[in-house]
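Peer 1:
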């Protein structure tokens, strides 16, 4: 008796082999290309710097010094604008 394979069984066997080969190629691609790229990505640094790199106090002093020079008609308004800028700077630190 000769065991002949039906065309449908041959097609199923071919599709299973193709799926196994595709899984192998996808695994090789993941370990060779995708995984190194994921490991190379660096998280962005936070804006907060506990080392004291914020210069809000110096900026406030500089801003206030421009207000008292008589360049503005209303020194009080100028100084309030300096404080608004200072608070925004503090919020960003």
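Residue numbers (this note's numbering): 1 to 93.
We put the beta carbon where it would ideally sit given N, CA and C, even for glycine.
1) So, at 6 Å on beta carbons, what are the nonlocal neighbours of residue 56 in its own chain, with the 5 sequence-adjacent residues on each side left out?
2) In whole angstroms, what is the alpha-carbon distance linking residue 4 and residue 26?
3) When you compare only the Cα positions, how much space is there between residue 15 and residue 34?
4) Taking 9 Å as the cut-off, decide whether the C-beta atoms of residue 63 and residue 81 are in contact.
5) Give the secondary structure of residue 3 by DSSP, where H, G and I count as helix, E and B as strand, and everything else as coil.
6) Less than 8 Å between the CB atoms is what I'm expecting for residue 54 and residue 67, so what's the real figure, rounded?
7) Between the C-alpha atoms of residue 65 and residue 59, what's the straight-line distance to the nearest angstrom?
Peer 2: Result, derived from the coordinates:
1) Start at 1 with the first residue of the chain shown, and residue 56 comes out as number 56. So the list reads 86, 89 and 90, once near-sequence residues are dropped.
2) Translated into positions along the chain shown, residue 4 becomes position 4. Translated into positions along the chain shown, residue 26 becomes position 26. When rounded, the distance between both Cα atoms is 33 Å.
3) Your numbering for residue 15 matches position 15 in the chain shown. Your numbering for residue 34 matches position 34 in the chain shown. The alpha-carbon atoms of residue 15 and residue 34 are separated by roughly 26 Å.
4) Mapped onto the chain shown, residue 63 falls at position 63. Mapped onto the chain shown, residue 81 falls at position 81. Contact: yes.
5) Numbered from 1 along the chain shown, position 3 holds the residue referred to as residue 3. It is coil, neither helix nor strand.
6) Numbered from its first residue, the chain shown carries residue 54 at position 54. Numbered from its first residue, the chain shown carries residue 67 at position 67. With 8 Å as the limit, residue 54 and residue 67 do not qualify as a contact, their Cβ atoms being about 21 Å apart.
7) Counting from 1 along the chain shown, the entry for residue 65 is found at position 65. Counting from 1 along the chain shown, the entry for residue 59 is found at position 59. If you take the alpha carbons of residue 65 and residue 59, they lie about 10 Å apart.
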